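Asker: Okay, here's the structure, questions in a sec.
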Amino acid sequence: MIHAEELTKYYGTKPAIQDVSLSIDKGRIVGLLGPNGAGKTTILRILTCYMQPTAGRVTVDGLDCRTQSLEVRKRIGFLPEMVPLYSDLTIEKFLSFSGTIKGLNGSRLKSDMDRVIDECGLEEHRKRLIKYLSKGLKQRVGIAQALLGDPPLLILDEPTTGLDPAQIIDVRNLIRDLGGERTVLLSTHILPEVSQLCERVIILHKGRVRKEDAPGNLAREIQKGLRTILSVDGPGEEIRQKLSGIEGVSEVQDSSKPGEYMVLSSGDESVRPRMARMVVESGWDLQEMRSSELSLEEVFVHLVTEEGGEDVS
């Protein structure tokens with residue numbers, strides 16, 4: 296669906312992105328993740344044919360974004376971070392206007408409006424003026440206009456910014472439902488959003504792709520060993536000393552809860568039975584033992600703090 300090769304974009308003499316290559320298959324929900332200034336917005340502008348790269352090539356659904364931009368745009372539904380809505384129109388009239396701009400008319404326009412209103416849960420609100428809607432409903436209207444014309448690719452830029460917790464859950468559920476038949480590219484700096492919605496994540500830093508994989512695979516690659524949480528009722532200092540002395544254990548950290556320890560060790564699974572045996576033979580109560588993978592937040596922080604220096608635009 297999306298294939299980019301060595302994209303580079305300069306603003307003046309300053310590079311916003313450099314040698315960015317990525318490939319996104321049809322029907323996947325993929326997260327574009329990075330700190331502010333990492334180059335996410337620049338990539339979205341290139342994908343939506345708003346601007347051309349300084350160098351490199353990108354295709355959407357087999358169409359070249361440089362030479363076939365009008366055809367590419369017909370295949371993309373775009374929700375910008377600041378949703379452009381006409382507040383004095385009803386939802387129905389706004390979607391009619393948006394559909395007309397996309398070249399829809401007559402029965403096709405009406406059936407498409409009915410479809411997106413139903414998909415976005417707006418049926419009971421279709422006659423309401425947009426200015427009286429909650430922020431969450433306005434986001435749904437923005438997504439509905441992106442869905443007009445039934446584009447195979449949705450690009451969503453920070454879709455839950457400014458929403459309250461209940462609205463965030465509603466919009467996330469909607470995005471999850473939209474996946475499968477459509478490809479969804481979700482640009483965000485909100486880590487839980489990526490963890491809950493995306494099958495793959497592309498992490499940008501300083502205008503370059505740092506890593507690209509499923510969130511769980513990224514965690515396992517960076518973790519390089521086992522992380523085990525132990526909850527033990529006993530003398531803290533002695534527990535830490537004995538755990539540190541077990542073969543294969545590289546580090547013992549205090550967890551956030553009293554009596555709980557994070558043990559970092561080699562990838563040898565036999566180290567865990569040795570931990571349990573040591574605790575029991577020492578006469579302490581082993582209340583819990585569980586594995587713990589790096590969170591996406593920890594992966595992200597690891598990747599974007601490996602290098603020094605300032606971010607690009």
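Mapping of the sequence shown onto the numbering used here: position 76 corresponds to residue 371, and the numbering continues sequentially without gaps.
Glycine included, C-beta positions come from ideal geometry on N, C-alpha and C.
For clarity, every value in this text was computed on a predicted model and none was experimentally measured.
Would you kindly report the start and end of the unbroken beta strand (DSSP E) that includes G326?
Answerer: For the purposes of this step, residue 326 is taken as the residue at position 31 of the sequence shown. Start and end: I324 to L328.
Asker: Straight-line CA distance for P446 to S587?
Answerer: Here the question's residue 446 lines up with position 151 in the sequence shown. Here the question's residue 587 lines up with position 292 in the sequence shown. The straight-line gap from Cα to Cα measures roughly 40 angstroms.
Asker: Looking at the strands, I want to know which residues DSSP matches up with F373.
Answerer: Indexing the sequence shown from 1 puts residue 373 at position 78. According to DSSP, F373 bridges with I450.
Asker: May I ask you to report which of helix, strand or coil DSSP gives S590?
Answerer: On the sequence shown, position 295 is the one that residue 590 refers to. Residue state, collapsed to three classes: coil.
Asker: Out of S490, Y306 and I324, point me to the one whose CA is closest to G334's CA.
Answerer: Taking the first residue of the sequence shown as 1, we reach residue 334 at position 39. Closest option to G334, Cα to Cα, is Y306.
Asker: Where does G474 sit, in a helix, a strand or coil, going by DSSP?
Answerer: Walking along the sequence shown from the start, residue 474 turns up at place 179. DSSP places G474 in strand when its eight states are reduced to three.
Asker: Looking at the unbroken beta strand (DSSP E) that takes in M346, where does it start and where does it end?
Answerer: The residue given as residue 346 occupies position 51 in the sequence shown. M346 -> no beta strand (DSSP E), and no H or E assigned at all.
Asker: Within this structure, are the beta carbons of K397 and G444 separated by less than 8 angstroms?
Answerer: Within the sequence shown, numbered from 1, the residue matching residue 397 stands at position 102. Within the sequence shown, numbered from 1, the residue matching residue 444 stands at position 149. Taking 8 angstroms as the cut-off, the beta carbon of K397 is found closer than this to the beta carbon of G444.
Asker: I'd like the list of long-range same chain contacts for E414, defined as Cβ closer than 7 angstroms, with 5 residues on each side in sequence excluded.
Answerer: What you label residue 414 is simply residue 119 of the sequence shown in a count that begins at 1. These residues qualify, in order along the chain: L442.
Asker: Quick one: what does DSSP say L417 is sitting in, helix, strand or coil?
Answerer: The sequence position of residue 417 within the sequence shown is 122, counting from 1. Note: L417 maps to coil in three-state DSSP.
Asker: State the CB to CB distance for the pair Y462 and V527, rounded to an integer number of angstroms; the pair is presumed to be in contact (CB under 8 angstroms).
Answerer: In the sequence shown, counting from the first residue as 1, residue 462 sits at position 167. In the sequence shown, counting from the first residue as 1, residue 527 sits at position 232. Correcting the residue type first, residue 462 is Gln in the shown sequence and not Tyr. Going by Cβ atoms, the distance from Q462 to V527 rounds to 42 angstroms, so no, they are not a contact pair.
Asker: Roughly how many angstroms lie between the CA atoms of I425 and S406, to the nearest whole one?
Answerer: Within the sequence shown, residue 425 is the residue found at index 130, counting from 1. Within the sequence shown, residue 406 is the residue found at index 111, counting from 1. Each residue's alpha carbon lies about 21 angstroms from the other.
Asker: Taking only the alpha-carbon atoms, compute the straight-line gap between L589 and H298 and give it to the nearest angstrom.
Answerer: Here residue 589 is taken as the residue at index 294 of the sequence shown, counted from 1. Here residue 298 is taken as the residue at index 3 of the sequence shown, counted from 1. Taking the straight line joining both Cα atoms gives about 29 angstroms.
Asker: Going by DSSP, name the residue or residues bridged to A461.
Answerer: For the purposes of this step, residue 461 is taken as residue 166 along the sequence shown, with counting starting at 1. Answer by DSSP bridge pairing: none, since A461 is not bridged.
Asker: If I'm right that I324 touches G474 with Cβ under 8 angstroms, what's the distance once you round it to whole angstroms?
Answerer: Numbered from 1 along the sequence shown, position 29 holds the residue referred to as residue 324. Numbered from 1 along the sequence shown, position 179 holds the residue referred to as residue 474. Sure, about 4 angstroms apart at Cβ, within 8 angstroms.
Asker: Assuming the contact rule is C-beta atoms closer than 8 angstroms, L417 and R403 should be a hit. Round their C-beta distance to whole Å, please.
Answerer: Translated into the one-based positions of the sequence shown, residue 417 becomes position 122. Translated into the one-based positions of the sequence shown, residue 403 becomes position 108. Incorrect: roughly 19 angstroms between the Cβ atoms, too far for contact.
Asker: What ranges does the beta strand (DSSP E) occupy inside the stretch 389-443, keeping only unbroken runs of at least 3 residues that lie completely in it?
Answerer: none
Asker: Tell me where the alpha helix (DSSP H) around S316 begins and ends.
Answerer: Taking the sequence shown and counting its residues from 1, the one referred to as residue 316 is at position 21. That residue, S316, is in no alpha helix (DSSP H); its beta strand (DSSP E) goes K309 to I319.
Asker: Report all residues from its chain with a CB closer than 8 angstroms to the CB of H420; omit the five preceding and five following residues, and keep chain order.
Answerer: The residue labelled residue 420 in the question sits at position 125 within the sequence shown. Exclusion of the five residues before and after H420 leaves I386, L428 and L432 as the residues of its chain whose Cβ lies within less than 8 angstroms of its Cβ.
Asker: Where are the alpha helix (DSSP H) runs, 4 residues long or more, that stay fully inside the stretch 466-542, in chain order?
Answerer: 486-492, 510-518 and 531-539
Asker: Thinking I524 and S561 are a contact (beta carbons under 8 angstroms), I'd like their distance in whole angstroms, please.
Answerer: Sequence index remark: in the sequence shown, residue 524 carries index 229 (1-based). Sequence index remark: in the sequence shown, residue 561 carries index 266 (1-based). In fact, because the Cβ distance is near 17 angstroms, the residues do not count as touching under 8 angstroms.
Asker: Compute the Euclidean distance between the alpha carbons of L448 and V599, then round it to the nearest angstrom.
Answerer: By one-based count along the sequence shown, residue 448 stands at place 153. By one-based count along the sequence shown, residue 599 stands at place 304. Straight-line Cα distance between these residues: approximately 28 angstroms.
Asker: Excluding the 5 residues preceding and the 5 following L384 in the sequence, name in chain order all residues of the same chain whose CB lies nearer than 8 angstroms to its CB.
Answerer: Here residue 384 corresponds to residue number 89 of the sequence shown, with the count starting at 1. So the list reads F392, L424 and I425, once near-sequence residues are dropped.
Asker: Quick one: what's V558 bridged to in DSSP?
Answerer: Numbered from 1 along the sequence shown, position 263 holds the residue referred to as residue 558. Answer is T523 and V547, bridged to V558.
Asker: Please report the straight-line C-alpha distance between K501 and K309, rounded to a whole angstrom.
Answerer: Along the sequence shown, read from residue 1 onward, the residue named residue 501 stands at position 206. Along the sequence shown, read from residue 1 onward, the residue named residue 309 stands at position 14. Whole-angstrom Cα-Cα distance: 11 angstroms.
Asker: DSSP three-state call for T456: helix, strand or coil?
Answerer: Locating residue 456 in the sequence shown gives position 161, where the first residue counts as 1. Correct three-state label for T456: coil.
Asker: Excluding the 5 residues preceding and the 5 following R467 in the sequence, name in chain order all residues of the same chain whose CB lies nearer than 8 angstroms to its CB.
Answerer: As a first step, residue 467 is located in the sequence shown; it is residue number 172 there, counting from the start. So the qualifying residues of the chain are T455, E488, Q491 and L492.
Asker: Output the boundary residues of the beta strand (DSSP E) element that contains E301.
Answerer: Taking the sequence shown and counting its residues from 1, one reaches residue 301 at position 6. Segment I297 to Y306, the beta strand (DSSP E) holding E301.
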